[in-house]
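Comments concern the structure below.
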Amino acid sequence: MKAIIVEKTNFEPTYHNAKLVDIPKPELTEDGQALLDVHAVSFNHREVWIRKGVYPVIVFDTVLGADGVGRIAQVKGNSPKHKVGERVVVMPSVGWTKDPRGPEEDYYILGGGPAPALCRAAGRSLAGLTAWRAVFTKGQVRKGQNVLITGAGGGVALMALLFCVAAGANVYVNSSDDAKILKAIELGAQGGVNYKADRWDSQLQNLTHDEPFDVVIDGAGGDGFKAFTKLLRMGGIIVSYGMTVKSEVDYTMAAVLRNIEVRGSTMGSRVEFGEMIDFVAKHKIKPVVSQIWPGLDFAEEAFKVIKAGTQFGKLVLSLKNDSIL
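Residue numbers for the sequence shown follow the working numbering, beginning at 29 and rising by one.
Given below as structure tokens:
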């Protein structure tokens with residue numbers, strides 16, 4: 029079968045190969061195991077970080093990717109959970125069942141549930157789970173709160189936007205692209221500002237009529253934390269699920285005196301994944317798909333887009349005809 033693996037290179041700056049190869053089809057060795065025929069996969073910044081060599085514990089010559097959707101092709105033994113032909117999504121986290129603090133040591137890989145069109149479902153797992161934990165477990169977002177989501181256009185940011193809107197929060201965004209801000213407003217954001225503008229934080233305060241924010245959901249890191257201290261209410265929360273701009277932040281004494289909390293958040297547990305799937309089904313939330321390519325041969329094109337940051341939503345490779353939107 030075809031797969032894309034990460035192959036080590038020695039070039040500077042580091043950018044490892046994403047190589048399309050043939051690998052043996054996995055064998056089912058234990059009762060209850062299921063073999064998935066993958067119909068669509070999607071990209072995350074995680075794969076770019078792996079290729080740049082900055083992701084922890086990189087294992088070379090292994091299959092890239094964390095998001096996928098398809099149908100069960102084979103089941104070993106009698107399994108009440110899995111039926112051949114059933115549509116399922118891949119749960120991206122392993123070794124994490126329910127502990128809200130972080131992973132345990134059990135091992136799970138598959139999560140089921142109602143699915144939209146397969147290309148949308150392919151873009152839901154990692155971004156949806158990461159956004160769910162950031163918004164509800166760590167951010168504790170509630171109806172009526174003011175929430176700032178940074179980097180409108182990224183997969184996690186857009187899922188966080190959809191979750192917060194569905195929960196009844198007042199959502200604002202920032203972006204370096206005015207067109208992305210307008211698209212975010214179409215998805216339910218109250219407004220947004222371009223963070224490249226001078227005093228963008230003051231512009232944002234004008235939009236809220238100087239009402240402070242309760243929560244900031246951030247995936248960029250860097251200098252934005254200075255503005256967050258100004259924008260948040262006393263005791264406000266910054267949830268950091270990534271640092272795509274800079275891996276350092278300024279948490280100043282001003283933030284300490286205002287009792288502002290910074291809460292790190294990565295992916296999520298199996299329980300949170302189930303909660304996210306149920307919430308998506310209840311509110312009929314459709315993941316935003318930016319672009320679709322027909323097959324693994326186009327992976328490098330998708331990598332170029334995600335590196336450039338021009339996408340608005342998920343980037344998907346469709347592997348089967350039934351996975352189109």
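Backbone N, C-alpha and C define an ideal beta-carbon position, used for all residues, glycine too. Nothing here was measured: the structure is a model prediction, and the numbers come from that model.
Taking the alpha-carbon positions, what's the residue i to residue j distance?
| i | j | result |
| --- | --- | --- |
| Thr-280 | Val-201 | 23 Å |
| Glu-75 | Val-112 | 30 Å |
| Asp-251 | Arg-291 | 17 Å |
| Ala-283 | Lys-254 | 9 Å |
| Asn-198 | Lys-171 | 8 Å |
| Val-193 | Ala-46 | 36 Å |
| Trp-321 | Val-267 | 32 Å |
| Gly-182 | Glu-55 | 35 Å |
| Gly-220 | Asp-59 | 51 Å |
| Val-87 | Asp-229 | 41 Å |
| His-44 | Trp-77 | 10 Å |
| Ser-297 | Leu-157 | 8 Å |
| Lys-80 | Phe-71 | 15 Å |
| Leu-138 | Met-119 | Note that Leu-138 scores 37 on pLDDT, short of 50, meaning its location in the model is unreliable; the coordinates nonetheless yield the value given after this. Cα to Cα, the separation comes out at about 5 Å. |
| Ile-313 | Phe-191 | 8 Å |
| Gly-270 | Ala-248 | 6 Å |
| Val-316 | Ala-31 | 25 Å |
| Ile-209 | Asn-222 | 8 Å |
| Ala-217 | His-237 | 16 Å |
| Thr-338 | Ala-212 | 14 Å |
| Ser-293 | Leu-260 | 19 Å |
| Ser-107 | Leu-235 | 54 Å |
Using the beta-carbon count (16 or more within 10 Å), is residue i buried or exposed?
| i | result |
| --- | --- |
| Gly-105 | exposed |
| Val-117 | buried |
| Ser-346 | buried |
| Asn-174 | buried |
| Asp-246 | buried |
| Thr-42 | exposed |
| Ala-101 | exposed |
| Phe-164 | buried |
| Thr-57 | exposed |
| Ala-336 | exposed |
| Ile-51 | exposed |
| Gly-96 | buried |
| His-311 | exposed |
Mind checking who residue i pairs with in its DSSP beta bridge?
| i | result |
| --- | --- |
| Arg-99 | Asp-65, Arg-115 |
| Asn-45 | Glu-35 |
| Ala-180 | Gly-182 |
| Val-317 | Lys-342 |
| Asp-246 | Ser-268 |
| Asn-174 | Asn-198 |
| Lys-274 | Gly-249 |
| Gly-220 | Val-201 |
| Val-333 | Note: Val-333 sits in no beta bridge, so no partner. |
May I ask you to report which of helix, strand or coil DSSP gives residue i?
| i | result |
| --- | --- |
| Tyr-269 | coil |
| Glu-289 | strand |
| His-73 | helix |
| Val-284 | helix |
| Glu-55 | coil |
| Gly-302 | helix |
| Asp-50 | strand |
| Leu-260 | strand |
| Ser-203 | strand |
| Gly-139 | Bear in mind that the predicted position of Gly-139 carries a pLDDT of just 38, short of 50, making it unreliable; the figure below should be weighed with that in mind. Correct three-state label for Gly-139: strand. |
| Lys-208 | helix |
| Phe-241 | strand |
| Val-85 | coil |
| Val-169 | coil |
| Lys-348 | coil |
| Asn-234 | helix |
| Lys-310 | helix |
| Lys-30 | strand |
Can the beta-carbon of residue i be found less than 9 Å from the beta-carbon of residue j?
| i | j | result |
| --- | --- | --- |
| Phe-340 | Leu-186 | yes |
| Leu-154 | Met-295 | yes |
| His-67 | Gly-93 | no |
| Trp-160 | Met-304 | yes |
| Ala-188 | Ser-203 | no |
| Arg-152 | Val-308 | yes |
| Arg-265 | Lys-348 | Looking at the sequence provided, one finds Ile at residue 265 rather than Arg. Taking 9 Å as the Cβ cut-off, Ile-265 and Lys-348 do not qualify as a contacting pair. |
| Arg-227 | Gly-263 | no |
| Ile-334 | Leu-343 | yes |
| Leu-48 | Ala-330 | no |
| Thr-90 | Ile-177 | no |
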